[in-house]
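Number of protein chains: 2
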Amino acid sequence: MEKKDSHCDPREVLERKQLARTAPRIAILEKLIRSDRAITVNDLVSEGMDMDRVTIYRTLNTLRDKGIVREIPTSSGTNYYEMACRHNPLHPHFYCTSCRSMTCLPPLAGGEMKAWLTLPEGLLARDLTVSISGLCGRCDGAPVRKEKEK
Amino acid sequence: MEKKDSHCDPREVLERKQLARTAPRIAILEKLIRSDRAITVNDLVSEGMDMDRVTIYRTLNTLRDKGIVREIPTSSGTNYYEMACRHNPLHPHFYCTSCRSMTCLPPLAGGEMKAWLTLPEGLLARDLTVSISGLCGRCDGAPVRKEKEK
DNA sequence: TCACGGATGCAACTCGTTTGCAACAACGGG
DNA sequence: CCCGTTGTTGCAAACGAGTTGCATCCGTGA
Ligand SMILES: [Mn+2]
Ligand SMILES: [Mn+2]
Ligand SMILES: [Zn+2]
Ligand SMILES: [Zn+2]
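Same order as they appear, the protein sequences are chains A and B. Each residue of the first sequence is one higher than the last, beginning at 967 in the working numbering. Each residue of the second sequence is one higher than the last, beginning at 967 in the working numbering.
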């Protein structure tokens, strides 16, 4: 019997990249694998991740360095993260500057994004990000900026 | 007699967008127009901009909202800015995660970047960013992270 | 089972950016 | 040319994402 979705299993991913299989890492990976959208550290915390925030930051950095997760910067300073294996192929993202939500956009017609651009000599590319910022459907015209909960 | 480069003149730009022509704004625009690369608030400060940092932030936000400058986010949380009229056409950027330098890349062969992607209904696009992160020529292999001056 | 090196938690910190508020100055009307 | 309105600036304080130092902990490989 073999596992379904083996390529995206937390423990296998960690083993393949020679990372210790610790509880925090597995929990974070499970969350990321389940998510159909890119999420933030705050998303992880507010959805009941028990560990320290610092652990989350460090874990995501590690996973990013190993190419396991993709890091998506925003102009607000908050980074979003998504599993590379789940969010395939590489696609553009839409960031609403009003409600600060991140949406995955359909992959570009015409194949691999990387293929478009030719990088000058001497640059070592790690990651490619295409993102569009603007106002999402709910915010179009009616800003909702920064309502504080509680 | 007519001005050369009239389309990029600070006072004209401000007038066209109905913004008051104040000293700080003109100074910042002049700096941006002269620069062949995208720059940060710190760049502006360290190159002798006299005004308060807050003024720079507010000015850049205003210019961004009016579509005069382009805002380029990075995973380190620092935003870069470039004059839209000077940095034409819209092109990808390379960000070195080691020395944190931003480089303009040649525009994509094959025309306008915007043309590639089709946006789902209900999304109002403001800005498009294509950026590649990795290691630049000077950092390739030899990290220089965060040397503090003085 | 043991020892070692990497991973975690906690507290403090860094730094880019925002906000509140009072003083100020650009600009259009008189 | 002056004046009042309204948008802009400076200052101080706050905010928030992310990092760092250090002691403890625990996964891993032997
Ligand atoms: Mn995505
Ligand atoms: Mn550029
Ligand atoms: Zn929105
Ligand atoms: Zn570099």
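Yeah, the Cβ is synthetic: ideal placement off N, Cα and C, and Gly gets one too.
Is it buried or exposed, residue i, if we count other Cβ atoms within 10 angstroms and call 16 or more buried?
| i | result |
| --- | --- |
| residue 1099 of chain A | buried |
| residue 993 of chain A | buried |
| residue 996 of chain A | exposed |
| residue 991 of chain A | buried |
| residue 1053 of chain B | buried |
| residue 1050 of chain A | buried |
| residue 988 of chain B | exposed |
| residue 981 of chain A | exposed |
| residue 1084 of chain A | exposed |
Is the CB-CB distance between residue i and residue j below 8 Å?
| i | j | result |
| --- | --- | --- |
| residue 1015 of chain A | residue 1022 of chain A | yes |
| residue 1101 of chain A | residue 1063 of chain A | yes |
| residue 1061 of chain A | residue 1097 of chain A | yes |
| residue 1094 of chain A | residue 1056 of chain A | yes |
| residue 1059 of chain A | residue 1074 of chain A | no |
| residue 1007 of chain B | residue 1019 of chain B | yes |
| residue 1047 of chain A | residue 985 of chain A | no |
| residue 1043 of chain B | residue 1043 of chain A | yes |
Leaving out the 5 sequence neighbours to the left and right, which residues in its chain are closer than 6 Å to residue i when beta-carbon positions are compared?
| i | result |
| --- | --- |
| residue 1045 of chain B | 1037 and 1039 |
Just how far apart, CA to CA, sit residue i and residue j?
| i | j | result |
| --- | --- | --- |
| residue 1002 of chain A | residue 1090 of chain B | 22 Å |
| residue 1086 of chain B | residue 1067 of chain A | 15 Å |
| residue 1080 of chain A | residue 1081 of chain B | 17 Å |
| residue 1092 of chain B | residue 1041 of chain A | 13 Å |
| residue 1027 of chain B | residue 976 of chain B | 16 Å |
Looking only at its own chain, which residues have a Cβ that is under 7 Å from the Cβ of residue i, when we skip the five neighbours before and after it?
| i | result |
| --- | --- |
| residue 1065 of chain B | 1102, 1104, 1105 and 1110 |
| residue 1010 of chain B | 994, 997 and 1022 |
| residue 1017 of chain B | 990 |
| residue 1025 of chain A | 990, 991 and 994 |
In chain order, what residues of the same chain have a beta carbon less than 8 Å from the beta carbon of residue i, not counting five sequence neighbours either side?
| i | result |
| --- | --- |
| residue 1032 of chain A | 983 and 985 |
| residue 974 of chain B | 999, 1049, 1051 and 1052 |
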